[in-house]
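Student: I'd like to ask you about the structure that follows.
Structure representation (structure tokens):
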């Protein structure tokens, strides 16, 4: 059995300019992922990165994109683009739903007509109806 520190055996190596998705530990945002770009890796702590968000801003004016310094564990690569074939979502599927400029983890709890689905968002404990175009499979669930 290995006695090495698990956190040092696998640490993501993101490069400046690389696209990522960012999770938040802030109350009300758990279970959500927001798109951004790595600006740089911290020199004095290689496990931390400065990331600029695509659609989150520093203030209400929306003039300057928000930048944050985050631990590597809060970052993941974006999922691959969706396949060309039509996805068939169904009751019980683990999905991420695009809501408030981010992807929120949840599960389909009802199917509606017109390609709409009710999704229970775990982090906010909300049930919201989404169009099929605003859903994607939660490809990272097994991690």
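Residue numbers (the working numbering): 79 to 221.
Heads up, the beta-carbon is just placed ideally off N, CA and C, and yes, glycines get one too.
Select from 163, 199, 212 the residue whose C-alpha is nearest the C-alpha of residue 106.
Tutor: 199
Student: On a Cα-Cα basis, can you pick out the residue from 118, 119, 101 that is closest to residue 111?
Tutor: 101
Student: Whose C-alpha, out of 155, 97, 202, 192, is nearest the C-alpha of residue 178?
Tutor: 202
Student: With a Cβ-Cβ cutoff of 8 Å, do residue 99 and residue 182 count as a contact?
Tutor: no
Student: Judging by CA-CA distance, which residue of 211, 212, 158, 113 is the nearest neighbour of residue 145?
Tutor: 113
Student: So, is residue 184 buried or exposed, given that buried needs 16 or more other C-beta atoms within 10 angstroms?
Tutor: buried
Student: Could you give the distance in angstroms between the alpha-carbon of residue 115 and the alpha-carbon of residue 214?
Tutor: 21 Å
Student: Please identify the residue among 163, 208, 156, 186 whose C-alpha is closest to the C-alpha of residue 169.
Tutor: 186
Student: Nearest-angstrom Cα distance between residue 196 and residue 189?
Tutor: Distance between the alpha carbons of residue 196 and residue 189 is about 6 Å.
Student: Is it buried or exposed, residue 127, if we count other Cβ atoms within 10 angstroms and call 16 or more buried?
Tutor: buried
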